[in-house]
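The sequence shown begins at 2 in the working numbering and counts up one residue at a time.
For each residue, glycine too, the CB sits at the ideal point set by N, CA and C.
So the structure is just underneath, and the comments pick up after that.
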Amino acid sequence: MTGLRFVVVADSHIRFPDDDVETYPSNSLMVARNEFVVDVCNRIGPAFVVHLGDIVHPLPVEDAHEAAVQLAAGVYDRLEMPIHFVAGNHDIGDKPNAYVAVPPVAEENYGVFERFWGEPYKSFDSGDLHFTLIDTPVLNSGFQRELDQRAWLEADLAKASAAGRRIFMFTHYPPFIREANENVHYDNLAEPARSRLLQLIEQHQVEAVFSGHVHNFLYNHLGRTEFYVLPSTGFTRPDYSELAAVLPDSENGRDDPAKLGFFVIDVLADGHRVTPIRTNGATGEAASLPVSLATSLDSQWQSPVGVTLRHAWMSDIDFPTAGLDEFTRKTVRNDATLPALWEARVNDLRIPIGDAATPEARDRLRHLAGRGARFTLVSVGVPDEPTLGIISQLDGAATRWEIATPVGSFAQIAAALATIGDKVDLPVAVGPITPIGSSDEAVHHFVSTGFDPQDDPLVDEWAGFDTARSVRELVFRVAPEAGISGSVESAHRAATEAGYSAVVLIDLPRSSESTTFEDDRALADRVAEAVGAALAHREAAIFLDSFMDHDRSYYPRHGLIDRHHNPRPGLVRLIEESSRGWITAGN
């Protein structure tokens, strides 16, 4: 059933506004923030909503639990479409875990949940789609209800897959957050329940699993199944501030409004589309979203520009042994860049070739490429054996190989490419390595890459060596002080006259080597100009450099997202100009 749209929310943690505000002042906002989410859902009008659990904050053993549940029921009664609830650890008790002091799941905790929210596990169909909600806190408990659920789940998935239905699953605890065989910690399922569940997911080819609990975005895949961990609609988990390379903001990272939000899921003929909706912790009827719903939900537009990802964007972070994981080290891949790329629909990503150095990394790139990402891999100088080894094993993980070329090595690189050209199933682009700085400086420590769009004699020099025409594209650089529209036009003309296509790297504004550029309005204006140039020259590949703030080292400057991975005005402008320009251009 294509065309179905549903919403997934997680971890609302509704509590009374005067509850524990001395510790965390944002606790007073849980009701209002979730009322805003309900209002936005009503504006979206999905077929239904799924809540992934931790509906309320007070635990079942606390006196305030049932009153908080009644409060939450009043919030969700305002929804104009059906809502289905998954049981979270704050709703029925934690998963069995001897290493935390919180009371585990207990039979007596289910009464309130079932009275207000219904069965803790269930399923339903919509056309040829099947939706399965399971109770994860009970797993590994040994309770009869765990055994009953296991038998039910096996039969439920078998029936759905036998009928040819596409299956979507919803859980509170993620089965895993980094890899299927990771160590047990607070944020995943323990064995043997984890392996049992993953075996069923694989056996019945579940299309997607949506989980909560972590209060931060994570994305994995295993076989044909995509695993999403959703942000919270209420607050962020402060331990996940470890993913940022800067000190946490408000409440030691527990109140990071830009990370709050939910997902809109559109089921397509082939797969599904996830649209992240940031709420920014908004409250009240007069509040607005950072990006309009009309823009976010319009599937017709894409960003016509790509970005250079200078910072690590899929690296593993080992969390300290503290807090909720006192005795074990939890490894988390830092996926925090992905939501910004997805909401801006930036598909063209320029990364160093080292990001594809391992089989696991290439598998990740291939999977993201299957979702629409197009990776440009950048290497330096005459290709050596390790570089050629990576290139030979890409198998669809990239769409372009860019070589940053020392000016004195044009002949060697052209000769090398002529030799290996028939072995490289990938378009090749080259650009000269050039210094950054004023022409009167005696020494240049810093370099970039790209031909000058304005009558660069190096273009003809390169073309003279590339007699085998092993290269398809030339890389041009538009310096921060240069105008974009004219530069892109000149780059396109220069490349075409030399027999190539153009790749254009547009530097975002910077000040000096030691002064931080912080003018977000000027940066956003440059982004808008770049989008306009890209729409006018669709034959050129255009990249903004770079995506994230440089807040240390040389030439510090703002980017489209900050070091917390949260949007700056430049990202919002990119979204606005891309959507508006795409429609205006008649695409």
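According to the Cβ coordinates, are residue i and residue j closer than 8 Å?
i      : j      : result
Arg330 : Thr322 : yes
Val472 : Val431 : yes
Gly89  : Gly254 : no
Met31  : His58  : yes
Val308 : Ala535 : no
Thr435 : Val448 : yes
His14  : Phe236 : yes
Phe17  : Leu72  : yes
Ala495 : Asp457 : yes
His186 : Asp326 : yes
Leu5   : Leu130 : yes
Thr621 : Val62  : No answer is possible for residue 621: the residues shown for the chain start at 2 and end at 588.
His216 : Asp12  : yes
Asp396 : Arg372 : no
Val39  : Tyr77  : yes
Glu540 : His493 : yes
Thr284 : Ala33  : yes
Starting from residue i, trace the beta strand (DSSP E) in both directions and tell me its first and last residue.
i      : result
Gly432 : Val429 to Pro436
Tyr111 : Note, Tyr111: premise wrong, no beta strand (DSSP E); alpha helix (DSSP H) at Tyr111 to Trp118.
Arg334 : Thr332 to Arg334
Thr296 : Element bounds for Thr296: not the beta strand (DSSP E) but the alpha helix (DSSP H), Leu294 to Leu298.
Ala542 : Ala542 to Asp546
Thr388 : No beta strand (DSSP E) contains Thr388, which is instead part of the alpha helix (DSSP H) from Glu386 to Ser393.
His186 : Neither: His186 is in no beta strand (DSSP E) and is coded neither H nor E.
Gly16  : One point to set straight first is that residue 16 is Arg, not Gly, in the sequence displayed. First-last for Arg16: undefined, no H or E at that position.
Check for me: the alpha helix (DSSP H) holding residue i runs from which residue to which?
i      : result
Met31  : Met31 to Ile45
Val70  : His66 to Tyr77
Phe411 : Phe411 to Ile421
Ser242 : Here Ser242 belongs to no alpha helix (DSSP H), and DSSP marks it neither H nor E.
Phe466 : Pro458 to Phe466
Arg146 : Gln145 to Ala163
Asp526 : Asp521 to Ala537
DSSP has residue i in a bridge; who is on the other side?
i      : result
Ser1   : Nothing can be reported for residue 1: it is not among the residues displayed for the chain, which extend from 2 to 588.
Phe376 : Leu350
Tyr229 : Phe211 and Tyr220
Pro277 : Phe264
Ala405 : Val381 and Gly432
Ile168 : His131
Thr309 : Arg351
Pro568 : Ile562
Leu475 : Val431 and Ala503
Asp508 : Asp546
Ser449 : Thr435
Ile202 : Paired residues: none, contrary to the question.
Arg6   : Asp267
Phe86  : His52
Val57  : Ile15
Can you list, in chain order, the residues of its chain whose CB lies under 7 Å from that of residue i, leaving out five sequence neighbours each side?
i      : result
Glu67  : Val113
Arg365 : Met315
Ala245 : Arg564, His565 and His566
Leu140 : Lys96, Glu147, Leu190 and Ala194
Asp521 : His559, Arg569, Pro570 and Gly571
Val429 : Trp402, Ile404, Leu418, Ser471, Val472 and Arg473
Gly422 : Ala469 and Ser471
Arg225 : Gln206
Rounded C-beta distance between residue i and residue j? I'm assuming under 8 Å.
i      : j      : result
Thr332 : Glu183 : 7 Å
Phe263 : Leu231 : 7 Å
Ser547 : Arg311 : 4 Å
Asp20  : Ala65  : 7 Å
Val1   : Ile278 : The question about residue 1 has no answer, for the chain in this structure spans 2 to 588.
Val532 : Gly582 : 6 Å
Leu459 : Val408 : 7 Å
Phe544 : Ile507 : 7 Å
Ala416 : Asp461 : At roughly 18 Å, the Cβ-Cβ gap does not stay under 8 Å, so Ala416 and Asp461 are not in contact.
Ile392 : Leu427 : 7 Å
Thr280 : Ser297 : About 11 Å; that fails the 8 Å criterion.
Tyr122 : Ile93  : That pair is no contact at about 11 Å.
Val479 : Thr450 : Val479 to Thr450, Cβ: 12 Å. No contact.
Pro510 : Ala523 : 6 Å
Phe466 : Ala412 : 5 Å
Excluding the 5 residues preceding and the 5 following residue i in the sequence, name in chain order all residues of the same chain whose CB lies nearer than 8 Å to its CB.
i      : result
Gly355 : none
Gln394 : Pro360 and Arg363
Glu578 : Val528, Ala529, Val532 and Gly533
Give every residue of the same chain whose Cβ lies closer than 6 Å to the Cβ of residue i, excluding the five residues on either side of it in the sequence, and list them in chain order.
i      : result
Met170 : Thr133, Val207 and Val210
Gly324 : Asp240
Ser486 : Ala534
Say whether chain C places a C-beta atom closer than 8 Å to the C-beta of residue i.
i      : result
Ser251 : The structure shown contains no chain C; it is built from a single protein chain.
Less than 7 Å between the CB of residue i and some heavy atom of the ligand ADP, yes or no?
i      : result
Ala529 : Ligands are entirely absent from the displayed structure, and the ligand ADP is therefore not among its contents.
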